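Report on the structure given below.
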Amino acid sequence: KPSYVSEDRIAELNEIGFVWDTYAKKWEDQYFMLTSFYKENGHTMVPFTEKKLARWVYQQRSNYRASKIQEYQKSLLDQVDFVWNVTKYWEDYNLARQKFNDEDNWKRL
1 KPSYVSEDRI
11 AELNEIGFVW
21 DTYAKKWEDQ
31 YFMLTSFYKE
41 NGHTMVPFTE
51 KKLARWVYQQ
61 RSNYRASKIQ
71 EYQKSLLDQV
81 DFVWNVTKYW
91 EDYNLARQKF
101 NDEDNWKRL
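For what it's worth, full-length UniProt numbering labels the leading residue of the sequence shown as 1, then goes sequentially.
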């Protein structure tokens, strides 16, 4: 909050829901979009057809690798099974798929 704004004015602005930290607000809005995507799809591997959200997800991974993510943000993302390492995710997926195929499970479908 700027020091040149009076306490009374700050209180008035707080009463009407003024956003002091626009970065945090934007982050929370995108997190809400991700949670909606997660509830609908059961995962957080957002396709690039969802451009804005996919870019945001990519940025969270970049921030994590650069140790620039807040701990509370990481904790919230972990709550929706956020995939931090895409390469490992696909390796695990392909191993599981190969195991499934090797066991002839596809014949049971």
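Don't be surprised by glycine CBs; every beta carbon is placed ideally from N, CA and C. Predicted, not measured: the structure shown is a model, and the values here were computed from it.
For residue i, I'd like the list of residues in its chain whose CB is within less than 8 Å of its CB, leaving aside the five on either flank, ordered along the chain.
| i | result |
| --- | --- |
| A96 | none |
| A54 | V46, P47 and F48 |
| residue 134 | Residue 134 lies beyond the residue range present for the chain, which begins at 1 and ends at 109; the question has no answer from this structure. |
| E50 | F37 |
| Y23 | none |
So which of the options has the shortest CA-CA distance to residue i?
| i | options | result |
| --- | --- | --- |
| Q56 | E7, G17, F82 and I10 | Note on identity: in this sequence residue 56 is Trp, with Gln being the wrong assignment. It is F82 whose Cα lies nearest to the Cα of W56. |
| L76 | E12, I16 and T44 | T44 |
| Q60 | T87, G42, W27 and K88 | W27 |
Roughly how many angstroms separate the alpha carbons of residue i and residue j, rounded to a whole number?
| i | j | result |
| --- | --- | --- |
| K52 | E71 | 23 Å |
| Q73 | T35 | 13 Å |
| Y31 | N85 | 18 Å |
| E40 | D8 | 43 Å |
| D78 | D29 | 17 Å |
Ignore the nearest five residues each way along the sequence and tell me which others in residue i's own chain have a CB closer than 7 Å to its CB.
| i | result |
| --- | --- |
| V80 | L34, T35, Y38 and T44 |
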